[in-house]
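Residue 241 in my numbering sits at position 194 of the sequence shown; the count goes up by one each step and never skips.
Virtual Cβ for every residue (Gly too), placed ideally from N, Cα, C.
Written out below as structure tokens is the structure these notes cover.
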Amino acid sequence: MERRALIKQLMLTGMAAAIPFRKVWADMIPALRAFKRPFHRFTVGELELTVITDGFIRLSPVQPNFPNGSEAAEKALLHEHFRPTSEMDLSMNILLIKKGNEVILIDTGTGGAFGKDSGWMLPSMADAGFTPEGVTAVIISHAHPDHVGGLVTKTGQPVFPNAKVYLSKPENAFWMAPQQDFSKSKFQDKQLLAVFTTGTQQTLKALGDRVQLFDDGAELFGCIRMEIAPGHTPGHALTHIYSGNEKIVHVADLVHSDVLSIPHPEWGFNGDVDIAQAAATRKKLLVRFAKEQTKVFAYHFPWPGIGYVKPEGSKWEWVPEAYAVPVAAALPGRR
């Protein structure tokens, strides 16, 4: 209901005199104007989690980005879900975890390397009340450029001067090797792969001993467990976040489209280093998430990327979590 209609209705029911509208709106407007970019804040047990945006990556055309699928089947499924069939926007949802004095960032976006539609992490952080200096740890799910792009400046300086950077051992070994094996990938532009590899190596070298390597199952900060889920990259990792009886899992690039990847994990993604292994890992984890009714955070899904996987016949369906109001943290009385 619009504001004017609401006030009229309240007056008709005799309620308007009891509500100080001038003060209510005066209190709300500065708060609503204070944040230029959206963020979503919620809790997991005693942890405070905040989703910010780094922008989006536009895939146009959609195919060949899901190389084991067919263009006709993909367009039909997109059309069925009222989505554009000629292009797809991949969100980049970045998660911050606050535990006491610790601020833990998971992935860092593109750093502006992909153009004006992305690289929004730092202003998004500022609008949500965070500073680069306040970040105490950065977890990198995998070393693709849309996840490590925000780690260093153009001159090679760390963006987060007080943070250690956590990366899985197999991920580091793959990218820092003299030669990378992309023979099981269907990514067509091998020259671009070489550019990505050089950029990742430069980033990791610039960070030096700030990089902390972890094994599968590593426990971090008393609220995080890492799970290596290989295929998209050899050391691609999920981040299990827990506090008390509550939990959520950050699945990074396990899935790229809520409409295509969830019902058809076998279609793969163009960026999968080992497309067959990635499909097998994806299917195995979707089965687990559906069975355990796990709350999932998806880096590339439509904002804010939180929801559940449920069985749908022999396939699966993404069910986004629902919210009563947007940007609750911007309303009066909220942090």
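Check: Keeping to the same chain, check which residues put their C-beta closer than 6 Å to that of L285; ignore five residues upstream and five downstream.; Outcome: E274, A276, V296, V298
Check: How big is the Cα-Cα spacing for L240 and F161?; Outcome: 15 Å
Check: Work out the CA separation of A119 and Y370 for me, nearest whole Å.; Outcome: 34 Å
Check: Between the Cα of H283 and the Cα atoms of L260, C270, K294, which residue gives the shortest distance?; Outcome: L260
Check: Across which residues does DSSP place M168 in a beta bridge pair?; Outcome: In DSSP, M168 forms no bridge with anything.
Check: Pop quiz: W222 and A190 are said to be a contact at Cβ under 8 Å. What is the actual Cβ separation, rounded to whole angstroms?; Outcome: 5 Å
Check: Comparing C-alpha positions only, which one of N115, P349, K357, Y355 sits nearest to M135?; Outcome: P349
Check: Secondary structure at A284, three-state DSSP: helix, strand or coil?; Outcome: strand
Check: Count the CB pairs spanning the stretch 355 to 367 and the stretch 336 to 345 that are closer than 8 Å, and state whether there are at least three.; Outcome: yes
Check: Note down, one range per segment and in chain order, each beta strand (DSSP E) of at least 3 residues found wholly within the stretch 330 to 363.; Outcome: 353 to 359
Check: Does DSSP classify H126 as helix, strand or coil?; Outcome: helix
Check: Counting pairs of beta carbons, one from the stretch 177 to 184 and one from the stretch 109 to 124, are three or more of them closer than 8 Å?; Outcome: no
Check: K163 and L94: beta carbons closer than 9 Å?; Outcome: no
Check: In whole angstroms, give me the CA-to-CA distance for D305 and A123.; Outcome: 15 Å
Check: Counting along the chain, where does the beta strand (DSSP E) carrying H87 start and finish?; Outcome: 87 to 91
Check: Got a sec, what are the start and stop residues for the alpha helix (DSSP H) N219 sits in?; Outcome: 216 to 223
Check: Comparing alpha-carbon positions, which option in A220, A224, K342 lies nearest V366?; Outcome: K342
Check: Taking A327 as the reference, which of G246, T157, P312, F243 has the closest Cα?; Outcome: P312
Check: Am I right that K193 and I104 are in contact with their C-beta atoms under 8 Å? What's the rounded C-beta distance?; Outcome: Note that residue 193 is Asp in the sequence shown, not Lys. With 8 Å as the limit, D193 and I104 qualify as a contact, their Cβ atoms being about 6 Å apart.
Check: The alpha helix (DSSP H) spanning H297 covers which residue range?; Outcome: Taken as a continuous stretch (DSSP letters only), H297 belongs to no alpha helix (DSSP H), being part of the beta strand (DSSP E) at 293 to 297.
Check: Locate the beta strand (DSSP E) running through V372, then write down its first and last residues.; Outcome: Where V372 is concerned, there is no enclosing beta strand (DSSP E), given that its DSSP letter is neither H nor E.
Check: Any idea which residues DSSP pairs K145 with across the strands?; Outcome: E95, V150
Check: When the Cα atoms are used, what is the spatial distance from L251 to G360?; Outcome: 44 Å
Check: Whose CA, out of G102, N292, G203, lies closest to the CA of G255?; Outcome: G203
Check: Should H128 go down as buried or exposed, given a rule of 16 or more other Cβ atoms within 10 Å for buried?; Outcome: exposed
Check: Would A184 pass as a contact of L267 if the rule is Cβ separation under 9 Å?; Outcome: yes
Check: DSSP three-state label for K211, please.; Outcome: strand
Check: Are A279 and L137 close, meaning C-beta to C-beta below 9 Å?; Outcome: A quick correction: the sequence has His, not Ala, at residue 279. In this structure, L137 does not lie closer than 9 Å to H279 by Cβ.
Check: Quick one: Cα of S215 to Cα of V195, how far?; Outcome: 13 Å
Check: Hey, how far is the Cα of I309 from the Cα of W363?; Outcome: 6 Å
Check: Since A265 is in the alpha helix (DSSP H), which residue starts that stretch and which ends it?; Outcome: A265 -> no alpha helix (DSSP H), and no H or E assigned at all.
Check: Quick one: is P373 buried, meaning 16 or more other Cβ sit within 10 Å of its Cβ, or exposed?; Outcome: exposed
Check: Between which residues of its own chain and I187 is the CB-CB distance below 7 Å, once the five residues before and five after are set aside?; Outcome: D154, H194, V195, V212, Y213, L214
Check: Which whole-angstrom value describes the C-beta separation of S165 and S133, a residue pair presumed to lie in contact below a C-beta threshold of 8 Å?; Outcome: 20 Å between Cβ atoms; not a contact.
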